[in-house]
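Position one of the sequence shown corresponds to residue 0 (numbering that gives the first Met the number 0), numbered consecutively onward. For every residue, glycine included, the Cβ atom is placed at its ideal position computed from N, Cα and C. First the structure, in the form of structure tokens, and then the observations on it.
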Amino acid sequence: MIRSEVLGCGAYLPERIVTNEELARRLDTSDEWIVARTGIRERRIAAEGEKTSDLALRASEAALQAAGVSVDEVDLIVLATATPDYTFPSTATTVQAGLGMYHGAAFDVQAVCSGFVYALSIADNFIRAGQTGTALVIGAETFSRILDWNDRGTCVLFGDGAGAVVLRAAEGAGNSSDRGILSTHLHSDGRHRDLLYVDGGPSATQSVGHLRMEGREVFKHAVTNLAAVVNEALIANGLDADDIDWLVPHQANQRILDGTARKLGVSPTKVVSTVARHANTSAASVPLALAEAVGDGRIKRGDLLLLEAMGGGFTWGAGLVRW
Numbered sequence: 000m001i002r003s004e005v006l007g008c009g010a011y012l013p014e015r016i017v018t019n020e021e022l023a024r025r026l027d028t029s030d031e032w033i034v035a036r037t038g039i040r041e042r043r044i045a046a047e048g049e050k051t052s053d054l055a056l057r058a059s060e061a062a063l064q065a066a067g068v069s070v071d072e073v074d075l076i077v078l079a080t081a082t083p084d085y086t087f088p089s090t091a092t093t094v095q096a097g098l099g100m101y102h103g104a105a106f107d108v109q110a111v112c113s114g115f116v117y118a119l120s121i122a123d124n125f126i127r128a129g130q131t132g133t134a135l136v137i138g139a140e141t142f143s144r145i146l147d148w149n150d151r152g153t154c155v156l157f158g159d160g161a162g163a164v165v166l167r168a169a170e171g172a173g174n175s176s177d178r179g180i181l182s183t184h185l186h187s188d189g190r191h192r193d194l195l196y197v198d199g200g201p202s203a204t205q206s207v208g209h210l211r212m213e214g215r216e217v218f219k220h221a222v223t224n225l226a227a228v229v230n231e232a233l234i235a236n237g238l239d240a241d242d243i244d245w246l247v248p249h250q251a252n253q254r255i256l257d258g259t260a261r262k263l264g265v266s267p268t269k270v271v272s273t274v275a276r277h278a279n280t281s282a283a284s285v286p287l288a289l290a291e292a293v294g295d296g297r298i299k300r301g302d303l304l305l306l307e308a309m310g311g312g313f314t315w316g317a318g319l320v321r322w
């Protein structure tokens, strides 16, 4: 069986750090209020003129270096983002040009916070089908550009960043001991659009708009849907929660991370959490968390990782990966 092995990962965060205390000076909120409800203490914000493609390019360069792969070897770029540089061309093609890659294909995927899992699944299927040999999968966002900075219920939750992984085709035995992506599982339900959305767009309003969210309702759906899709991935591979070495979740809210872990019976010590320092970086959050845990040595070769995320749409998904 052809598997998609993860050869390396990389990340990039903008330089500017915005703390809860800074937000509290201009909003009716406090560090204590934000931490108690979200676990977030600070977030990174892109500089003026710093675009999603700039963040994605830096993360991609780091991933390629970590993987020991040259740009000439990559024949597919799949970039997940809800905050592209422009309506078109795709942000992926901008990154492609920035890398000096003049062959292959590059395109964007829009599944909001689930975007990286969706992009990973797409690239994995290209590799399994024999249509590509080496792929670069990116999650990158500048959510600061679509926030209403007067809405304390949403603007405190999000930040900017980018993460990337390099995948390559490899032979596996076809069982759960194989290295690489074992399976991916994607879902969506458009009936819940009004619980998490942006109130603008080229066709609807001819504007960018701002993010709007019904936080309590999103929380309830998130814990239920994420636990279900994680169980789906485990059952598909004949595994159970005890086999997971690391849960690498979308970093939306520490309470969601804790609730999902409890529902699955996974120890909190096995959950990679970066939400306190990164906030919710949407499609970038899973690869950012992955890059951190690989970089500090927590994730080791042979470890079983469960990646999961849920975002606006609603969309949600999971991927089971043997490192």
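Could you check whether the Cβ of residue i sits closer than 8 Å to any heavy atom belonging to the ligand FAD?
i, result
"T18", "For the structure depicted, the ligand FAD is absent and the ligand set is empty, with no information on it obtainable."
Anyone know if the C-beta pair for residue i and residue j falls short of 9 Å?
i, j, result
"T314", "A110", "yes"
"A308", "P248", "yes"
"Q250", "V285", "yes"
"F157", "A58", "no"
"M0", "G171", "yes"
"R254", "R36", "yes"
"R215", "L26", "no"
"V324", "V5", "Nothing can be reported for residue 324, as the shown portion of the chain is limited to 0 through 322."
"H373", "N124", "With the chain represented from 0 up to 322, any question about residue 373 goes unanswered, as that position is not in the structure."
"L289", "L304", "yes"
"A105", "V77", "yes"
"A91", "S3", "no"
"A240", "A10", "no"
"G7", "A66", "yes"
"N230", "L263", "yes"
Could you pull the start and end residues of the alpha helix (DSSP H) that residue i belongs to?
i, result
"D257", "Q253 to L263"
"R36", "D30 to T37"
"T223", "G214 to A235"
"V94", "T90 to L98"
"I298", "Premise fails: I298 is in no alpha helix (DSSP H) and is neither H nor E."
Where do the N-terminal and C-terminal ends of the beta strand (DSSP E) with residue i fall, by residue?
i, result
"W245", "W245 to P248"
"G162", "D159 to E170"
"R43", "E41 to I44"
"F106", "A104 to V108"
"L78", "L75 to A79"
"A134", "T133 to T141"
"A17", "One point to set straight first is that residue 17 is Val, not Ala, in the sequence displayed. V17 -> beta strand (DSSP E) spans R15 to T18."
If distances are taken between C-alpha atoms only, which option among the options comes closest to residue i?
i, options, result
"P195", "C112, D53 and R15", "A small fix is needed here, since residue 195 is Leu in this sequence, not Pro. If we check each option's Cα against that of L195, C112 comes out closest."
"F218", "L22, W245 and G311", "G311"
"L75", "A118, F87, E47 and S52", "A118"
"I44", "V108, T18 and A169", "T18"
"M212", "G7, A65 and D147", "D147"
Taking the DSSP output, what are the residues bridged to residue i?
i, result
"S281", "Paired residue(s): none; S281 is not in a bridge."
"I180", "V320"
"M309", "W315"
"L185", "G316"
"C8", "V164"
"S69", "DSSP lists no partner for S69."
Given 8 Å as the limit, is there contact between the stretch 77 to 97 and the stretch 169 to 188, that is, 3 or more CB pairs closer than that? no
Tell me whether the stretch 90 to 107 and the stretch 264 to 275 touch, counting them as touching only if at least three CB pairs, one residue from each stretch, are closer than 8 Å. No: fewer than three Cβ pairs fall under 8 Å.
When you compare the stretch 139 to 147 with the stretch 48 to 62, are there three or more beta-carbon pairs, one atom per stretch, that lie closer than 8 Å? yes
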